[in-house]
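Numbering (UniProt numbering), first residue to last: 1 to 604.
Don't be surprised by glycine CBs; every beta carbon is placed ideally from N, CA and C.
On a predicted model such as this, the values are computed, not experimentally measured, just so you know.
Written below as structure tokens is the structure these notes are about.
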């Protein structure tokens, strides 16, 4: 028995030696670079199964819902909490990112990903049976919670592929969002709204996520202990988790995002304590989490050395935060703009979105998949930031005066660039950060991109609503008085015109002097007001986008480390857990066979 214990301790020491080698990712990439490498069929099946799970989590659960959120909330009888439907997903996703990544470094990726897929299914079930907006918000919260854990795959996939194929692997995951859901998300939502029911968005999510869960469960068998602590029990691992730092970060983030989502609503104006206090307290608690981890935690989940990697990690956090602000806000506002400014026909709204969706697929899936052949990863990242800055700024010219064709194509070359820079950002960071903190790093990138989305939703939606209230009063009043209507009726004319523009019948009935021609004049006036409001929103994206662009020039070039090196190939399932005679120590410690069984020259 003593020999068994010694053998197990020796295996753990060997595993830790391998982990220490991988904690210098640059050295590992250069010193362990075989001439040829192959990836097993089972590994590809695992990757595509995990990719499929992103469709319901993001493509359907967020993008498709956001595209028709106005119509859904109207159908459920209350659009007052419209911002919360989108904001709840962003908020809960940001929080679960911060949990999933760090915990996967300790307990392994597999169980957390499977758990996230199951939670997304539950959220889709809740959304499918929602009878009111509150239940819909709960559904989006649950889907977002699961999404953060599904995104653990962004750490799991790169580590089991050759370094040179990391962007390809993450590109396949993003393809699970874009194909077909992201490509036709707005059109699909509109078609379901028109010909079936918006609930089918969630029904499809249940079906696809269920299939993805089964595929992942059967094919994905990574190491269960990414840090190599095979001589510890799960309970010992659990006790050693930095629960204080993790709790402070998650609670602080959630509190700040609640304040941002509340802010600007009728019940919580920006100047009110109910908006300011959560934001200030939340930011302070997040800062406290980092202070604790940097100075006091024995095993910090957010190690200070990670945040000293300015060019290899921190500038990526800043860039993805800002790019996420633009993308997530515009994902919700763009289809609303088509509705407000151009047409109430949901199919036409979907068609307007097609160029954006097509370009999203190209830059979000095809470019990353081919990135190892294109090369110049850093400059692809910078180019994505440049396109976003230029074309989102240029979009201001498409809405004042309103130009449908310009609105259809100009933002399409800016908004989707978030997808490309996100995938390339994950791939770049994974080549620079220590492997023992890969989950933390990927989780933080996810947290920052989602938190940026929540901040962007809060800022841009508030600015849009405030400016529209101002401009609609100006434009509708001017058009009404010029058409000979009574100034005393403006209290009914302004809200009536807004409703008329959305296709609400009889909105302008009962107003003295109203004619069909005047009603169309008023429709043009309110659409001009919407255009002016959108123009202002596009203007304020410019300074943020410029900061992100500047950060992209500082990114450390990963090109020299895109070799055939593999950090952590999948295990053969039979070697994942072994019994007493094969390496379970006397006190019940699970020990993993360091010599992984695999096909010759084959990964996984």
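Integer Cβ distance of residue i from residue j, believed to fall under 8 Å
i           : j           : result
residue 565 : residue 32  : 5 Å
residue 116 : residue 58  : Between residue 58 and residue 116 the Cβ distance is about 12 Å, and since that is not below 8 Å, they are no contact.
residue 285 : residue 252 : 3 Å
residue 250 : residue 419 : At roughly 26 Å, the Cβ-Cβ gap does not stay under 8 Å, so residue 250 and residue 419 are not in contact.
residue 301 : residue 229 : Incorrect: roughly 15 Å between the Cβ atoms, too far for contact.
residue 53  : residue 212 : 4 Å
residue 269 : residue 570 : Actually they do not touch by this definition, with Cβ atoms about 53 Å apart.
residue 214 : residue 140 : About 25 Å; that fails the 8 Å criterion.
residue 97  : residue 148 : 4 Å
residue 421 : residue 358 : About 18 Å separates the two Cβ atoms, so there is no contact after all.
residue 318 : residue 544 : Actually they are not in contact, since the Cβ atoms of residue 318 and residue 544 sit about 10 Å apart, beyond 8 Å.
residue 605 : residue 279 : No answer is possible for residue 605: the residues shown for the chain start at 1 and end at 604.
residue 399 : residue 237 : Actually they do not touch by this definition, with Cβ atoms about 54 Å apart.
residue 402 : residue 341 : 5 Å
residue 234 : residue 108 : The pair is not a contact, with the Cβ atoms about 10 Å apart (cut-off 8 Å).
residue 568 : residue 160 : 6 Å
residue 155 : residue 496 : About 53 Å separates the two Cβ atoms, so there is no contact after all.
residue 83  : residue 486 : The pair is not a contact, with the Cβ atoms about 35 Å apart (cut-off 8 Å).
residue 435 : residue 19  : 7 Å
Boundaries of the alpha helix (DSSP H) in which residue i is found, first to last residue
i           : result
residue 57  : No alpha helix (DSSP H) contains residue 57, which DSSP labels as neither H nor E.
residue 326 : 315-341
residue 461 : 438-482
residue 158 : 153-159
residue 131 : From DSSP, residue 131 is part of no alpha helix (DSSP H); its letter is neither H nor E.
residue 354 : 346-361
residue 515 : Taken as a continuous stretch (DSSP letters only), residue 515 belongs to no alpha helix (DSSP H), as it is neither H nor E.
residue 570 : Per DSSP, residue 570 belongs to no alpha helix (DSSP H) and is neither H nor E.
residue 98  : 82-107
residue 275 : 273-295
residue 75  : 69-75
residue 561 : Counting along the chain, residue 561 falls outside any alpha helix (DSSP H), and DSSP gives it neither H nor E.
residue 376 : No alpha helix (DSSP H) holds residue 376; DSSP gives it neither H nor E.
residue 183 : 183-195
residue 178 : Unbroken run through residue 178: none, as it is neither H nor E.
residue 305 : 304-307
residue 503 : Looking at the DSSP string, residue 503 is not in any alpha helix (DSSP H), and its letter there is neither H nor E.
residue 433 : No alpha helix (DSSP H) holds residue 433; DSSP gives it neither H nor E.
residue 27  : 25-31
residue 235 : 234-240
residue 217 : 200-219
One or two residues paired with residue i in a DSSP bridge
i           : result
residue 399 : 402
residue 265 : 268
Distance CB(residue i)-CB(residue j) smaller than 9 Å
i           : j           : result
residue 150 : residue 47  : no
residue 559 : residue 375 : yes
residue 63  : residue 185 : yes
residue 313 : residue 432 : yes
residue 22  : residue 311 : no
residue 394 : residue 467 : no
residue 244 : residue 304 : no
residue 34  : residue 120 : no
residue 522 : residue 500 : yes
residue 39  : residue 227 : no
residue 144 : residue 92  : yes
residue 454 : residue 94  : yes
residue 87  : residue 202 : no
residue 451 : residue 442 : no
residue 49  : residue 178 : no
residue 381 : residue 446 : no
residue 136 : residue 72  : yes
residue 427 : residue 27  : no
residue 220 : residue 110 : yes
residue 337 : residue 530 : yes
residue 61  : residue 123 : yes
residue 283 : residue 254 : no
residue 563 : residue 163 : yes
residue 498 : residue 524 : no
residue 193 : residue 68  : yes
residue 331 : residue 17  : no
(request) Examine the Cβ distances between the segment 363-370 and the segment 151-171 and report whether three or more of them are shorter than 8 Å. (result) yes
(request) Count the C-beta pairs between the segment 345-357 and the segment 529-539 that are closer than 8 Å, then say yes if the count reaches three, no if not. (result) Cβ pair count under 8 Å is below three, so no.
(message) Taking 8 Å as the cut-off, does the segment 387-394 touch the segment 408-423 (at least 3 CB pairs, one atom from each stretch)?
(response) yes
(message) For the segment 473-484 against the segment 126-146, do three or more pairs of beta-carbon atoms, one drawn from each stretch, fall closer than 8 Å, so that the two count as touching?
(response) In this structure the segment 473-484 does not lie against the segment 126-146, because fewer than three pairs of beta carbons, one per stretch, are closer than 8 Å.
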